[in-house]
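Residue numbers (the numbering used here): 1 to 327.
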């Protein structure tokens, strides 16, 4: 365990970042740490650095104050200059944080809080627990270690941590949900925020375009390997037709995963010519993190991802070879 207030003692400028294309757990863990440190260290300049999150997360305190990561769109030259005394990396390794990777080169101290099994640690201070449900759950424990009396815990902070846990556990239905996770969720709900509304607005609700894309992905899905695998993909032409972005693909791979008889689900979308972003989900019989790591990605046993090059069928064939080693 680490004591984040001891690590940040004397720091004048603190940065908190997470992985590119931030999901609910990334946003939850980063913003929970931001909320805590802005209250616990009022003399420090604390910044959250992320690619612009989905608008559904604007209900989380501080999201509108994020220093937006422009590295993916505009390159390193467009990055604001920062020299952090402490850089805290949540739910990721430094290399997957966009601008955070650049800032890590000059940071005085680096803290890494994560639950990805593929993470071997970034920086001098690490708190990596692959058995944890989420980075947000780990951030709670880090905060509790520094503030055991809960002087800085309030409804907004509890809501933010809860939201992160909800997203990485699929509203407590995935196998990474432990008794400890449920006990923590119960503690957080006691702070009185509207958890039902939070879950609906950030997890379940979909736009009309998102429903159209989901329907298209399901309609064009293909089963293979005797029905044990299912794959679907969206190309840039289809994205343009619907006016969709990568944010509109949230939840598609999990919908594919619950197909009866399927062990592994694959969803991919085209990011450039012959370039695909791949998401993998498993019901447990296949460790998809091993598949993703083989192709330069990472993740968890049942949820992982990577970037791949080739035609749609080339990518599927290459993934099939690695999945087949475990089936």
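We put the beta carbon where it would ideally sit given N, CA and C, even for glycine.
Taking only beta-carbon positions, decide if residue i is within less than 7 Å of chain C.
{"i": "residue 82", "result": "In the structure shown, chain C does not exist; there is a single protein chain."}
Out of the options, which one is the CA nearest neighbour of residue i?
{"i": "residue 142", "options": "90, 98, 96", "result": "90"}
{"i": "residue 270", "options": "150, 42, 240", "result": "240"}
{"i": "residue 211", "options": "245, 184, 228, 186", "result": "245"}
{"i": "residue 296", "options": "96, 106, 39", "result": "96"}
{"i": "residue 202", "options": "42, 307, 130, 54", "result": "54"}
{"i": "residue 228", "options": "218, 172, 130, 283", "result": "283"}
{"i": "residue 10", "options": "20, 42, 313, 23", "result": "42"}
{"i": "residue 39", "options": "56, 152, 68, 126", "result": "152"}
{"i": "residue 236", "options": "167, 306, 311", "result": "311"}
{"i": "residue 150", "options": "64, 56, 319, 187", "result": "187"}
{"i": "residue 176", "options": "129, 70, 220, 207", "result": "129"}
{"i": "residue 174", "options": "148, 207, 131", "result": "131"}
Determine the contact status of residue i and residue j, defining contact as a CB-CB distance below 7 Å.
{"i": "residue 238", "j": "residue 274", "result": "no"}
{"i": "residue 4", "j": "residue 146", "result": "yes"}
{"i": "residue 161", "j": "residue 133", "result": "no"}
{"i": "residue 230", "j": "residue 214", "result": "no"}
{"i": "residue 197", "j": "residue 85", "result": "no"}
{"i": "residue 92", "j": "residue 170", "result": "no"}
{"i": "residue 316", "j": "residue 279", "result": "no"}
{"i": "residue 247", "j": "residue 265", "result": "no"}
{"i": "residue 286", "j": "residue 263", "result": "yes"}
{"i": "residue 292", "j": "residue 303", "result": "no"}
{"i": "residue 209", "j": "residue 242", "result": "yes"}
{"i": "residue 20", "j": "residue 98", "result": "yes"}
With a CB to CB cut of under 8 Å and the five nearest residues on each side skipped, what residues in its chain are close to residue i?
{"i": "residue 324", "result": "225"}
{"i": "residue 32", "result": "136, 139, 140, 143, 157, 160, 161, 164"}
{"i": "residue 64", "result": "58"}
{"i": "residue 148", "result": "none"}
What's the gap between the Cα of residue i and the Cα of residue j?
{"i": "residue 94", "j": "residue 261", "result": "37 Å"}
{"i": "residue 326", "j": "residue 267", "result": "19 Å"}
{"i": "residue 191", "j": "residue 114", "result": "25 Å"}
{"i": "residue 52", "j": "residue 101", "result": "16 Å"}
{"i": "residue 300", "j": "residue 181", "result": "17 Å"}
{"i": "residue 82", "j": "residue 103", "result": "7 Å"}
{"i": "residue 341", "j": "residue 15", "result": "Coverage of the chain is limited to positions 1 through 327, which leaves residue 341 absent and any answer about it impossible."}
{"i": "residue 205", "j": "residue 218", "result": "18 Å"}
{"i": "residue 222", "j": "residue 88", "result": "41 Å"}
{"i": "residue 179", "j": "residue 78", "result": "45 Å"}
{"i": "residue 56", "j": "residue 290", "result": "31 Å"}
{"i": "residue 220", "j": "residue 232", "result": "6 Å"}
{"i": "residue 76", "j": "residue 112", "result": "23 Å"}
{"i": "residue 35", "j": "residue 127", "result": "19 Å"}
{"i": "residue 70", "j": "residue 37", "result": "24 Å"}
{"i": "residue 319", "j": "residue 276", "result": "12 Å"}
{"i": "residue 234", "j": "residue 216", "result": "9 Å"}
{"i": "residue 357", "j": "residue 184", "result": "Residue 357 lies beyond the stretch modelled for the chain, which goes from 1 to 327, so this question has no answer here."}
{"i": "residue 105", "j": "residue 207", "result": "39 Å"}
{"i": "residue 172", "j": "residue 80", "result": "38 Å"}
Among the residues of its own chain, which have a CB less than 7 Å from the CB of residue i, if the five just before and after it don't count?
{"i": "residue 124", "result": "109, 110"}
{"i": "residue 370", "result": "Nothing can be reported for residue 370: it is not among the residues displayed for the chain, which extend from 1 to 327."}
{"i": "residue 306", "result": "278, 292, 295, 296, 297"}
{"i": "residue 23", "result": "167"}
{"i": "residue 322", "result": "291, 294"}
Below 6 Å CB to CB, which residues in the same chain sit around residue i once its five sequence neighbours on both sides are set aside?
{"i": "residue 193", "result": "155, 159"}
{"i": "residue 107", "result": "84, 87"}
{"i": "residue 66", "result": "48, 50"}
{"i": "residue 259", "result": "230"}
{"i": "residue 313", "result": "none"}
{"i": "residue 2", "result": "125, 127"}
**Asked** With a cut-off of 8 Å, do at least 3 Cβ pairs link the segment 44 to 51 to the segment 118 to 131?
**Response** no
**Prompt:** Counting pairs of beta carbons, one from the segment 19 to 28 and one from the segment 55 to 64, are three or more of them closer than 8 Å?
**Reply:** Contact between the segment 19 to 28 and the segment 55 to 64 is present: 3 or more CB-CB pairs across the two stretches fall below 8 Å.
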